[in-house]
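Residue numbers (the numbering used here): 1239 to 1376.
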């Protein structure tokens, strides 16, 4: 979602001056130069329109830059949170796999079959075999 907003902001800030140029080139300039006599007031109005358009584009681009910076900060915060959550998940997986290994070993010592151990702990038989094989090799 943030990537989409970033792309929209960048395209808006890049495309808007180009669109203004094309519109002025296509509609304003031909009408302006079709007149046989050039009036100073018309030139001043034309220049005023261009300046106001450029000021508006600058304001929009500044707003977009601010939005992009905010979005980048939010993305960095989210990345940091994801890293913390991922560390916790890895710690949990390590402890849970150690707990399962201990349970498999204790159930096997109690005389349970591999099938019954997998049913009790709700894990696949192949995992029970791997755990028992690793214990036997040690």
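Where a beta carbon is used, it is the ideal one built from N, C-alpha and C, also for glycine.
| Which of the three DSSP states, helix, strand or coil, is assigned to residue 1350? | coil
| Quick check: the segment 1312-1327 against the segment 1338-1345, are there 3 or more CB pairs under 8 Å? | no
| message | I want to check one thing, is the minimum distance from the CB of residue 1369 to the heavy atoms of the ligand ADP below 7 Å? | response | Of the ligands one can find in the structure shown there are none, so the ligand ADP has no counterpart to examine.
| task | Give the straight-line distance between the Cα atoms of residue 1377 and residue 1257, rounded to the nearest whole angstrom. | result | The chain is shown only over 1239 to 1376; residue 1377 falls outside these bounds and no answer can be derived.
| said: Using only CA atoms, which one of 1255, 1279, 1351 lies nearest to residue 1299? | reply: 1255
| task | Rounded to whole angstroms, what's the CA-CA distance from residue 1253 to residue 1309? Just pull it up for me. | result | 20 Å
| said: According to DSSP, is residue 1297 part of a helix, a strand, or is it coil? | reply: helix
| query | Where residue 1246 and residue 1357 are concerned, what is the direct C-alpha to C-alpha distance, given to the nearest angstrom? | reply | 53 Å
| task | For the alpha helix (DSSP H) holding residue 1368, just list the boundary residues, first then last. | result | 1363-1375
| query | Which of the three DSSP states, helix, strand or coil, is assigned to residue 1360? | reply | coil
| task | Would you grab the beta carbon distance between residue 1339 and residue 1361 for me? Rounded to a whole angstrom, and I think it's under 8 Å. | result | Actually they are not in contact, since the Cβ atoms of residue 1339 and residue 1361 sit about 11 Å apart, beyond 8 Å.
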